[in-house]
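Asks: Below is the structure I would like to discuss, written out as structure tokens.
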Amino acid sequence: MIDNTITRLKEGEVDLGTSIMAVAYDEGVIIGADSRTTMGSYIANRVTDKLTHVTDRIYCCRSGSAADTQAVADAITYHLSLFEVLHGQPEVSTAAHLFSEIVYQNKDRLSAGIIVAGWDKRNGGSVFNVPLGGGLFKQPWAIGGESHYAKILKAPFVEEPNFQPFYRYSHTLSSGSGSTYIYGYCDSTYQPGWNREKTIEFVTNALSLAMRRDGSSGGTIRLADISEHGVERHFIAGDKLPELSAKIC
Numbered sequence: 051m052i053d054n055t056i057t058r059l060k061e062g063e064v065d066l067g068t069s070i071m072a073v074a075y076d077e078g079v080i081i082g083a084d085s086r087t088t089m090g091s092y093i094a095n096r097v098t099d100k101l102t103h104v105t106d107r108i109y110c111c112r113s114g115s116a117a118d119t120q121a122v123a124d125a126i127t128y129h130l131s132l133f134e135v136l137h138g139q140p141e142v143s144t145a146a147h148l149f150s151e152i153v154y155q156n157k158d159r160l161s162a163g164i165i166v167a168g169w170d171k172r173n174g175g176s177v178f179n180v181p182l183g184g185g186l187f188k189q190p191w192a193i194g195g196e197s198h199y200a201k202i203l204k205a206p207f208v209e210e211p212n213f214q215p216f217y218r219y220s221h222t223l224s225s226g227s228g229s230t231y232i233y234g235y236c237d238s239t240y241q242p243g244w245n246r247e248k249t250i251e252f253v254t255n256a257l258s259l260a261m262r263r264d265g266s267s268g269g270t271i272r273l274a275d276i277s278e279h280g281v282e283r284h285f286i287a288g289d290k291l292p293e294l295s296a297k298i299c
């Protein structure tokens, strides 16, 4: 039986039951998210910004408890700001490792599923998924939210003998919520080597489909293009979302 205590919110706690996504392209990374936060069946905020600044070239997308994920993101932002003063711009893998460590060390007390994405001089655009439980997975693209699936994946990777790498490469991994409804679309549509415009279109379409099916997702779509040139933000209002359901069905 799967222990579901880590995903049970306290009374009155705000939940980022959500649709979040990150996709690496040839020059950087596109990240995106819906904007709905809930308290049970009550929509607490329709225009939340779930794309969280970590450094000038690294962002994270948060799902789970709003309080937990904000606290983790704030702690990582603080540590990386000190790191940057001493050593220069951190790599995306460094930030992802820190997120994974904090979530894993507090896995019995946190409800936090996080996608870490950004650009650095050594690796270019990178996407890492840190699901519930604190696993760390490098991927070409990631979709996420909150579920039990990610917790099952943690144990085999940290308990095997002579464990060396701090992350495992996975083609796809989800933490649930809105992502549950778009796996088929993403698997059949994604192709490596896309440019910026094609990647933005893919992320927008995928999030729009998730928001139409998932009751915990909704509102608007916020996107961020992270590359060597900086971060460019995009906003798509709820009444401007692409009409894809009929075409795909």
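Quick note on this note's numbering: the sequence shown kicks off at 51 and runs consecutively.
Backbone N, C-alpha and C fix where the C-beta goes; we use that ideal spot for every residue, glycine too.
1) Could you tell me the boundaries of the beta strand (DSSP E) in which Lys-170 lies?
2) Quick check on Ser-143: does DSSP put it in helix, strand or coil?
3) Three or more C-beta pairs closer than 8 Å, one from the stretch 147-165 and one from the stretch 103-112: is that the case here?
4) Do you know how far the Cα of Gly-163 is from the Cα of Thr-119?
5) If you follow the beta strand (DSSP E) that Gly-24 is in, where does it begin and where does it stop?
6) When you compare the CB positions of Asp-264 and Arg-246, do they come within less than 9 Å of one another, or not?
7) Do Ile-93 and Gly-234 come within 9 Å of each other at the CB atom, strictly closer than that value?
8) Around the Cβ of Gly-194, are there at least 16 other Cβ atoms within 10 angstroms (buried) or fewer (exposed)?
9) Hey, which unbroken runs of the beta strand (DSSP E) at 3 residues or more fall wholly within the stretch 225-265?
10) Identify the residues that DSSP records as bridge partners of Gln-155: which are they?
11) Going straight from the alpha carbon of Ala-117 to that of Arg-159, what length do you get?
12) State the Cα-Cα distance for the pair Leu-259 and Glu-293, rounded to the nearest angstrom.
13) With a cut-off of 9 Å, does the C-beta of Val-104 fall near any C-beta of chain C?
14) For the beta strand (DSSP E) that contains Thr-105, what are its first and last residues?
15) Residues in its own chain within less than 8 Å of Trp-30 by CB, not counting five upstream and five downstream?
16) Going by beta carbon distance, what residues of the same chain come within less than 8 Å of Pro-140, once the five residues before and after it are set aside?
17) Using only CA atoms, which one of Phe-252, Ile-165 and Gly-175 lies nearest to Ala-123?
18) Could you have a look at Ser-131 and say whether DSSP puts it in helix, strand or coil?
19) Do Arg-283 and Arg-272 have their beta-carbon atoms positioned less than 9 Å apart in this structure?
20) Where does Asp-84 land, buried or exposed, given buried means 16+ other C-beta within 10 angstroms?
21) Is it the case that the Cβ atoms of Thr-102 and Ser-266 are separated by a distance below 9 Å?
Replies: On the basis of the coordinates in this document:
1) As written in the sequence, residue 170 is Asp, which differs from the Lys given in the question. Asp-170 -> beta strand (DSSP E) spans 162-170.
2) Ser-143 falls in the helix class under three-state DSSP.
3) Segments in contact, yes.
4) 8 Å
5) The question about residue 24 has no answer, for the chain in this structure spans 51 to 299.
6) Cβ distance not < 9 Å, so Asp-264 and Arg-246 don't count as in contact.
7) no
8) buried
9) none
10) BP columns for Gln-155 are empty, so no partner.
11) 12 Å
12) 9 Å
13) Of the protein chains in this structure there is only one, and it is not chain C.
14) In this chain, the beta strand (DSSP E) harbouring Thr-105 covers 101-105.
15) In the structure as shown, the chain starts at 51 and stops at 299, and residue 30 therefore has no counterpart that could be examined.
16) Excluding residues within five positions, the ones whose Cβ falls inside 8 Å are Thr-105, Ile-108, Leu-130, Phe-133, Glu-134 and Asp-170.
17) Ile-165
18) helix
19) The answer is yes: Cβ separation under 9 Å.
20) It counts as buried.
21) no
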